[in-house]
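>
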């Protein structure tokens, strides 16, 4: 019943969201970019939080004070399940886009909203397209807008964290924005652990201290991926 309720709620919300899209079109034409962006963030933030709450799950989040308020950052998180994006959208109240898999473009309304929050889609089987997407993410960060990346490259669908891909922190290296490590623990229990049926779970989200790459000693700066991976792993285990 929980699964039926959630998917029914999800699709009803998509229909209701059409009215929000109409308002966004109006704001783009008659209002300022800042007011339009603020409205988009408000709608997507509330949508994501409601999607998580509709599962019956509870959330504990630690370390929100570690997120700089007035500058762009690169959030670097492990990736356990499909709900990781709604969790980070709904429970971290800072506008941000995601480096996401290109398969999400097959979901028309979801794709539209993801483009509005400046998500970038990557095809993991196309190196040239991946590099192009990375460069797009770099430009978004340079424009003052935060991004999220999942360096494992795919969902772990369980508690153990996979290795971070080489070059996954190129966005941070090229822009020198603070890296905010995040560990999500328990999100796979909401869907992946149940044969893709929705089940209530308790999720812990731990946010670490900012990592300023330009402040690192030379030996650590050469191993940025390993440093951030180990930091996220420590947050996951604590």
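In our numbering, the protein residues as written are 17 to 254. Heads up, the beta-carbon is just placed ideally off N, CA and C, and yes, glycines get one too.
#1: Should residue 214 and residue 39 be called a contact, given that it needs their Cβ atoms to be closer than 7 Å?
#2: Run the CB neighbour count on residue 228, radius 10 Å, all protein chains shown included, and call it buried at 16 or more, exposed below.
#3: What does a CB cutoff of less than 7 Å around residue 188 pick up in its chain, not counting 5 residues either side in sequence?
#4: Run the CB neighbour count on residue 8, radius 10 Å, all protein chains shown included, and call it buried at 16 or more, exposed below.
#5: In the DSSP assignment, what are the bridge partners of residue 78?
#6: Relative to the C-alpha of residue 56, which residue among 66, 208 and 43 is closest?
#7: Report yes or no: do three or more beta-carbon pairs, one from the region 65-79 and one from the region 171-184, lie closer than 8 Å?
#8: Alpha carbons only, please: which of 202, 210, 165 and 170 is nearest the one belonging to residue 184?
#9: Would you kindly work out how many angstroms separate the C-alpha atoms of residue 233 and residue 244, rounded to a whole number?
#10: Measuring alpha carbon to alpha carbon, tell me which residue in 63, 24 and 48 is nearest residue 33.
#11: Could you say which of 192, 220, 116 and 210 lies nearest to residue 202 if we only look at CA atoms?
#12: Three-state secondary structure (DSSP) at residue 194?
#13: Pick helix, strand or coil for residue 138, following the three-state DSSP scheme.
In terms of the structure at hand:
#1: Translated into the one-based positions of the chain shown, residue 214 becomes position 198. Translated into the one-based positions of the chain shown, residue 39 becomes position 23. In this structure, residue 39 does not lie closer than 7 Å to residue 214 by Cβ.
#2: Numbered from its first residue, the chain shown carries residue 228 at position 212. With fewer than 16 other Cβ atoms within 10 Å, it is exposed.
#3: If you number the chain shown from 1, residue 188 lands on position 172. Around residue 188: 90, 195 and 229.
#4: Residue 8 cannot be examined here, being either before or after the span of the chain that is shown, 17 to 254.
#5: The residue labelled residue 78 in the question sits at position 62 within the chain shown. DSSP links residue 78 through a beta bridge to 222.
#6: Counting from one through the chain shown, the residue named residue 56 turns up at place 40. Looking at the Cα atoms, 43 is the closest of the given residues.
#7: A contact between stretches requires three or more CB pairs, one per stretch, nearer than 8 Å, and the region 65-79 fails this requirement with the region 171-184.
#8: Locating residue 184 in the chain shown gives position 168, counting from the first residue. Cα-wise, what sits closest to residue 184 is 165.
#9: If you number the chain shown from 1, residue 233 lands on position 217. If you number the chain shown from 1, residue 244 lands on position 228. If you take the alpha carbons of residue 233 and residue 244, they lie about 14 Å apart.
#10: Reading the chain shown from its first residue, position 17 is the one you call residue 33. Checked all of 63, 24 and 48; the closest Cα to residue 33 is 63.
#11: Sequence index remark: in the chain shown, residue 202 carries index 186 (1-based). Here the closest residue by C-alpha is 220.
#12: The sequence position of residue 194 within the chain shown is 178, counting from 1. Residue state, collapsed to three classes: coil.
#13: Residue mapping note: residue 138 aligns to position 122 of the chain shown, counting from 1. Correct three-state label for residue 138: strand.
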